[in-house]
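Data block below; observations after.
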Amino acid sequence: MDKKPHATETEIYLIERVKKLRLERGISQAQLAHLLDVSTGFIGHVESSKDRAKYNLNMLVKLKTILDCEYGDLLP
């Protein structure tokens, strides 16, 4: 049985965009975790293609502010 996590194309796009914008803005995983009120490990799990962790809608709203961007910058 395939135990590889399944993520939609939209989820993968969002994760990759957040990571790209985070790095461009010089925000560490630890800093982002603090601002989202989650563990640093959670951010690592989200950014790992081997895990099922994903950002939720509430986090998306916060990410827009944290990364100083528009929803269109995060979503396809």
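Oh and the sequence shown: position 58 is 58 in UniProt numbering, straight run, nothing missing. In this text, a Cβ means the ideal position worked out from N, Cα and C, and glycines have one as well.
Out of the options, point me to the one whose CA is closest to residue i's CA.
i     : options                    : result
Cys69 : Asn58, Val38, Arg22, Arg52 : Arg22
Gly72 : Ser49, Leu14, Asn58        : Leu14
Val61 : Ala30, Leu36, Gln31        : Leu36
Which term fits residue i, buried or exposed, when burial requires 16 or more other beta carbons within 10 angstroms of its beta carbon?
i     : result
Met1  : Annotation note: pLDDT 48 at Met1 (below 50); position unreliable, coordinate value reported separately. So Met1 ends up on the exposed side.
Val18 : buried
Ile43 : buried
Under 8 Å, do residue i and residue j count as touching if we go by C-beta distance?
i     : j     : result
Leu67 : Tyr55 : no
Contact defined as beta carbons within less than 8 Å: I believe residue i pairs with residue j. What is the distance between those atoms, to the nearest angstrom?
i     : j     : result
Thr10 : Leu75 : 7 Å
Ala53 : His45 : 4 Å
Tell me whether residue i sits in a helix, a strand or coil according to DSSP, three-state version.
i     : result
Asn58 : helix
Leu35 : helix
Ala30 : helix
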